[in-house]
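Heads up, the thing below is written out as structure tokens.
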Amino acid sequence: MSTLKFETISDLMSRLHLKAPAHPMITLVNYDEEEIDLRDAGCWVMLDFYKITFKRGFKGSVKYGPGTYDFKEGGMAFLAPGQAVRMTPDPGDYQGYALYFHPNLLINHPLSQRIYHYGFFDYTVAEALFLSAKEKHTMEALFQAIDTELNNTIDQFSTDVLISQLELLLNHSNRFYNRQFQTRKNMHHELIVKMEEWLTGQFDKAILGGLPSPHDLANHLNVSQRYLSDMLRSLTGKTTQQHIHLALIDKAKALLNQTNLTTAEIAYYLGFEHPQSFNKLFKQRTNVSPVQYRRGQLQDN
Numbered sequence: 206m207s208t209l210k211f212e213t214i215s216d217l218m219s220r221l222h223l224k225a226p227a228h229p230m231i232t233l234v235n236y237d238e239e240e241i242d243l244r245d246a247g248c249w250v251m252l253d254f255y256k257i258t259f260k261r262g263f264k265g266s267v268k269y270g271p272g273t274y275d276f277k278e279g280g281m282a283f284l285a286p287g288q289a290v291r292m293t294p295d296p297g298d299y300q301g302y303a304l305y306f307h308p309n310l311l312i313n314h315p316l317s318q319r320i321y322h323y324g325f326f327d328y329t330v331a332e333a334l335f336l337s338a339k340e341k342h343t344m345e346a347l348f349q350a351i352d353t354e355l356n357n358t359i360d361q362f363s364t365d366v367l368i369s370q371l372e373l374l375l376n377h378s379n380r381f382y383n384r385q386f387q388t389r390k391n392m393h394h395e396l397i398v399k400m401e402e403w404l405t406g407q408f409d410k411a412i413l414g415g416l417p418s419p420h421d422l423a424n425h426l427n428v429s430q431r432y433l434s435d436m437l438r439s440l441t442g443k444t445t446q447q448h449i450h451l452a453l454i455d456k457a458k459a460l461l462n463q464t465n466l467t468t469a470e471i472a473y474y475l476g477f478e479h480p481q482s483f484n485k486l487f488k489q490r491t492n493v494s495p496v497q498y499r500r501g502q503l504q505d506n
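Structure follows, in structure tokens:
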């Protein structure tokens, strides 16, 4: 099935039989007031602009990361330009708000650079932000403020006000995602254990084709790479790459202690193309070279 592509918000609104946007670069759809045309249900849709969806409530159990979570208070999902999603046929999925804004809205504003720091735009829909009742109230007030501004007469201050409101919404989303990482530690602990087991298994065998990457790890865990990185940074203070390096160094120490392999042989075993790269990383992480580490262990024993 082909993918429907929309370069402008106006084109999308027209296709969905929704009212034309008052501002060419940003619009807010309130599903309580408008009914979407579902003739394209089942099709894949790709947008050249951002989309933020806010739902007041979910029905039943919602997929979350590697598992499911029953959270009926409401939630949000984020979509960056160029990502494709399938349009669902269930009218119940279209409730709450959908905010669309084009990257050109942010031209000449600092948010145009900062928006790439909001990692949740790279999460999958399965990694949605689930809101408590209090958080839902906060978010709904922000959407209503944007709606009010969009219904005002456009003037020289409109874009600045809208971008300020948008940035406030994004900052609250960051805050609530961080809370979500913290309050679901048990679920994420299982993910971290699974990550550590996979890395140990990778380094327990000779690696072909190079070192495991954050992308490889995220694929194995069935989560998006950015979600995994943000979750690990929030809970452990380390990035995905740092966790990979920690597992690598642990295995390298074991090989240096328990085998007669040369440092070059250990480097190749661990997936390095050049032993010098292994030596450099080992020294960065331990403050000693592999040779110095082995010599020190022999002296201690």
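Start counting the sequence shown at 206; every next residue gets the next number (the working numbering).
C-beta: ideal position from N, C-alpha, C; glycine also.
**Request:** Using the Cα positions of Phe325 and Val234, report the straight-line distance between them to the nearest angstrom.
**Result:** Residue mapping note: residue 325 aligns to position 120 of the sequence shown, counting from 1. Residue mapping note: residue 234 aligns to position 29 of the sequence shown, counting from 1. Their Cα atoms are separated by approximately 21 Å.
**Request:** Can you tell me which of the three DSSP states Lys443 falls into?
**Result:** If you number the sequence shown from 1, residue 443 lands on position 238. Three-state result, Lys443: coil.
**Prompt:** If you run the structure through DSSP and keep just helix, strand and coil, what is Tyr302?
**Reply:** Taking the first residue of the sequence shown as position 1, residue 302 is located at position 97. Three-state DSSP puts Tyr302 in a strand.
**Request:** Within the same chain, show all residues whose beta-carbon is closer than 7 Å to that of Glu212, passing over the 5 residues directly before and after it, in chain order.
**Result:** The residue given as residue 212 occupies position 7 in the sequence shown. Asp253, listed in sequence order.
**Asked** How close, in whole Å, do the beta carbons of Leu334 and Ser378 come, if the pair is a contact with beta carbons under 8 Å?
**Response** As a position in the sequence shown, residue 334 is number 129, starting the count at 1. As a position in the sequence shown, residue 378 is number 173, starting the count at 1. Confirmed, Cβ separation roughly 6 Å.
**Message:** Short of 7 Å in beta carbon distance, which residues of its chain neighbour His393, apart from the five on each side in sequence? Order them along the chain.
**Reply:** In the sequence shown, counting from the first residue as 1, residue 393 sits at position 188. Phe386, Met436, Leu440, listed in sequence order.
**Message:** Quick check: what's the CA-CA separation for Leu453 versus Arg500?
**Reply:** Locating residue 453 in the sequence shown gives position 248, counting from the first residue. Locating residue 500 in the sequence shown gives position 295, counting from the first residue. In a straight line, the C-alpha of Leu453 is about 19 Å away from that of Arg500.
**Asked** For Gly265, which three-state DSSP category applies?
**Response** Mapped onto the sequence shown, residue 265 falls at position 60. Per-residue confidence for Gly265 stands at a pLDDT of 41, beneath the threshold of 50, marking its modelled position as unreliable; no derived number is given.
**Item:** Beta-carbon proximity of Tyr498 to Lys458, cut-off 8 Å
**Value:** Translated into positions along the sequence shown, residue 498 becomes position 293. Translated into positions along the sequence shown, residue 458 becomes position 253. For Tyr498 and Lys458, yes; Cβs fall inside 8 Å.
**Message:** Rounded to whole angstroms, what is the Cα-Cα separation between Asp237 and Pro296?
**Reply:** For the purposes of this step, residue 237 is identified with residue 32 of the sequence shown, where counting begins at 1. For the purposes of this step, residue 296 is identified with residue 91 of the sequence shown, where counting begins at 1. Near 12 Å, if we compare the C-alpha coordinates of Pro296 and Asp237.
**Request:** Identify, in the order they occur along the chain, each residue of the same chain with its Cβ nearer than 6 Å to the Cβ of Gln502, setting aside the five sequence neighbours on each side.
**Result:** To locate residue 502, count along the sequence shown from 1; it is residue 297. So the qualifying residues of the chain are Asn462.
**Asked** Under the rule that 16 or more other beta-carbon atoms within 10 Å means buried, what is Thr445, buried or exposed?
**Response** Within the sequence shown, the letter at position 240 stands for residue 445. So Thr445 ends up on the buried side.
**Asked** In terms of residues, what are the limits of the beta strand (DSSP E) holding Ala285?
**Response** What you label residue 285 is simply residue 80 of the sequence shown in a count that begins at 1. Neither: Ala285 is in no beta strand (DSSP E) and is coded neither H nor E.
**Prompt:** If you compare alpha carbons, which of Tyr474, Asn465, Leu475 is closest to Val496?
**Reply:** Here residue 496 refers to the residue found at position 291 when the sequence shown is read from its first residue. Per the Cα distances, Asn465.
**Asked** Ser207: buried (16+ other C-beta within 10 angstroms of its C-beta) or exposed?
**Response** Looking up residue 207 in the sequence shown gives position 2. So Ser207 counts as exposed.
**Message:** Here's the rule: buried if 16 or more other CB atoms are within 10 angstroms of the residue's CB, otherwise exposed. What is Thr388?
**Reply:** Reading the sequence shown from its first residue, position 183 is the one you call residue 388. Exposed, by the Cβ-count rule.
**Prompt:** If we count Cβ pairs, one from each stretch, closer than 8 Å, do we get three or more for the segment 415-422 versus the segment 366-374?
**Reply:** no
**Burial state of Ile471 (16 or more Cβ within 10 Å)** = Mapped onto the sequence shown, residue 471 falls at position 266. Label assigned to Ile471: buried.
**Item:** Buried versus exposed, by CB contacts within 10 Å (16 or more), Thr353
**Value:** In the sequence shown, counting from the first residue as 1, residue 353 sits at position 148. With fewer than 16 Cβ atoms within 10 Å of its Cβ, Thr353 is classed as exposed.
**Request:** Take the Cβ of Gly415 as the centre, count every other Cβ of all protein chains shown within 10 Å, and call the residue buried at 16 or more, exposed below.
**Result:** Start at 1 with the first residue of the sequence shown, and residue 415 comes out as number 210. Gly415 should be labelled exposed.
**Message:** Checking the sheet assignment: what are the DSSP bridge partners for Val398?
**Reply:** Position 193 of the sequence shown, counted from the start, is the residue given in the question as residue 398. Note: Val398 sits in no beta bridge, so no partner.
**Message:** Tell me which residue opens and which closes the alpha helix (DSSP H) that Lys224 is part of.
**Reply:** As a working mapping, residue 224 is identified with position 19 in the sequence shown. First-last for Lys224: undefined, no H or E at that position.
**Request:** With Asn356 as the anchor, note down where its alpha helix (DSSP H) starts and where it stops.
**Result:** Working through the sequence shown from its first residue, we reach residue 356 at position 151. Where Asn356 is concerned, there is no enclosing alpha helix (DSSP H), given that its DSSP letter is neither H nor E.
**Distance between Lys260 and Asn357 (C-alpha atoms, nearest Å)** = Locating residue 357 in the sequence shown gives position 152, where the first residue counts as 1. Locating residue 260 in the sequence shown gives position 55, where the first residue counts as 1. Rounded to the nearest angstrom, the two C-alpha atoms are 25 Å apart.
**Item:** Stretch-stretch touch, CB-based, cutoff 8 Å, three pairs: the segment 218-234 with the segment 359-368
**Value:** Flag = yes, the segment 218-234 and the segment 359-368 touch.
**Request:** May I have the straight-line CA-CA distance separating Ala282 from Leu486, to the nearest angstrom?
**Result:** Against the sequence shown, residue 282 aligns to sequence position 77. Against the sequence shown, residue 486 aligns to sequence position 281. C-alpha separation (whole angstroms): 38 Å.
**Request:** Could you pull the start and end residues of the alpha helix (DSSP H) that Tyr473 belongs to?
**Result:** Start at 1 with the first residue of the sequence shown, and residue 473 comes out as number 268. It spans 468-474 - the alpha helix (DSSP H) in which Tyr473 sits, taken as one unbroken run.
**Request:** Could you check if Val428 is buried or exposed, using at least 16 other CB atoms within 10 Å of its CB as the buried criterion?
**Result:** The residue you call residue 428 lines up with position 223 of the sequence shown. With 16 or more Cβ atoms within 10 Å of its Cβ, Val428 is classed as buried.
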